Amino acid sequence: MTPFRAIALLSAAAFGMSLAPAAAQDKTAPSPLVEKLNAYVGCINRLSERSYESRNRYASWAKKTGPTGKERIIYGTYTIYDTTDCKKNVEMANAAEPHDAELESAASAYAEAVGKLEPLLKEADEYYQQENYKDDKMAKGKEMHPRLVAAWDAFASADKKLRAGVEAIKDKQAEEQLAAIEAKDGRKTHYYVEALMIHAKRLLRAEDTSKPDIAAITKALTEYETTVKAAEDASGKDGDTKLGSSFLSSAKSYLTSAKQLMRRIRDKVPYSQGDRMMLGSGGGWMVEGSPPRLLRDYNQLIESYNSGARI
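Numbering (this note's numbering), first residue to last: 2 to 312.
Written as structure tokens, this is what we have:
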């Protein structure tokens, strides 16, 4: 199975843990740590997905050994957004408290890697867009290939490390907040919504691996489904917060996609030729039981949560 969390796991990460609508959340100034993390996540949100898409685009037509000029279709690659702001924001965040040497080092490595990738992708894009390979018999394409692969590999490594550092901090914060909510109010709607989001991320991680463990996936699925039901049962009960239909719909859609992917893994169901074409062309979210479909529904759940889970 092709790893997929690298595409956009933090693309819509919830950095404000509250049932309150977004307008109400804005009244509380973010902590220095949240501001620091937001700078790093801002880079990931803006640059990572496109960087992986550029690699996928290139890999859809060029062999691992590089282009030959004899390909039936030559798509080229994609460019990414300007990386100047990412570098500047990382430098500012690294200089701010609270300090975390390992995380700051990972952020600097990310900014450096994506900064090197940007001009190389522009160079490749111009070469392929202008079809210059028809004039030099793909000489420059062959020369650029190892540089492109090395740049993508360096970026992917840096991206993975930065995500891991951010996620570790966010996981700890989420667990601490969940415990605080339970201690203050008990297990009511607010508690179950936050628990649901924690289990949603765990489920994504369980199914995001080159060597999926069906027992671990089943456990994560059960925990998530149980929490979804608990949140729905608590909604509006005894005057408690009533959850919006959009949030509950997103939570259940994500559950459905997770079950479809689990069954494909468990039953070793191969993708059809049509499925493989969509998976390789950016339309993988349309394929039931696929990682891109799961990721799309996870991001929609995050968006629904961020916009305010209650009516």
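A virtual CB, placed ideally from N, CA and C, is assigned to each residue, including glycine. Treat the numbers as computed from the prediction; the structure is a model and nothing was measured.
For the structure I just gave you, are there three or more beta carbon pairs, one from the region 152-160 and one from the region 103-118, closer than 8 Å?
yes
Answer with buried or exposed for His100, where buried requires no fewer than 16 other C-beta atoms within 10 angstroms of its C-beta.
exposed
Alpha carbon to alpha carbon, how far is Tyr255 from Arg148? Give it in angstroms, no decimals.
38 Å
In the DSSP assignment, find the alpha helix (DSSP H) that holds Arg264 and state where it starts and stops.
246-267
Do you know whose CA, among Gly237, Val150, Arg164, lies nearest Ala108's CA?
Arg164
Check whether the region 174-184 touches the region 210-219, counting contact only when three or more Cβ pairs, one atom from each stretch, lie closer than 8 Å.
no
Val167 and Leu38: beta carbons closer than 8 Å?
yes
Whole-angstrom Cβ separation of Glu226 and Leu262, contact assumed at under 8 Å?
Their Cβ separation, rounded to whole angstroms, is 14 Å, which puts Glu226 and Leu262 out of contact at 8 Å.
In chain order, what residues of the same chain have a beta carbon less than 8 Å from the beta carbon of Asp83, not counting five sequence neighbours either side?
Glu119
Quick check on DSSP: helix, strand or coil for Ile74?
coil
Tell me which same chain residues have a C-beta within less than 8 Å of the C-beta of Asp260, skipping the five on either side of it?
At residue 260 the sequence reads Lys, which differs from the Asp that was named. If we look at Lys260 and ignore the five residues flanking it on each side, its Cβ neighbours are Leu222.
Can you list, in chain order, the residues of its chain with a C-beta nearer than 7 Å to that of Ala196? Leave out the 5 residues immediately preceding and following it.
Leu179, Thr228
Taking the alpha helix (DSSP H) that Thr85 belongs to, which residues open and close that run?
85-96
Does DSSP put Asp27 in a helix, in a strand, or in coil?
Confidence is the limiting factor: at Asp27 the pLDDT is only 45, short of 50, which leaves the residue's position unreliable, though a coordinate-based value still follows. In the structure shown, Asp27 sits in coil (DSSP, three-state: anything other than H, G, I, E or B).
So, do the region 181-193 and the region 226-246 have three or more beta carbon pairs nearer to each other than 8 Å?
yes
Report yes if the C-beta distance between Asp298 and Ser258 is below 8 Å; otherwise report no.
Against a cut-off of 8 Å, the Cβ pair of Ser258 and Asp298 comes out as a contact.
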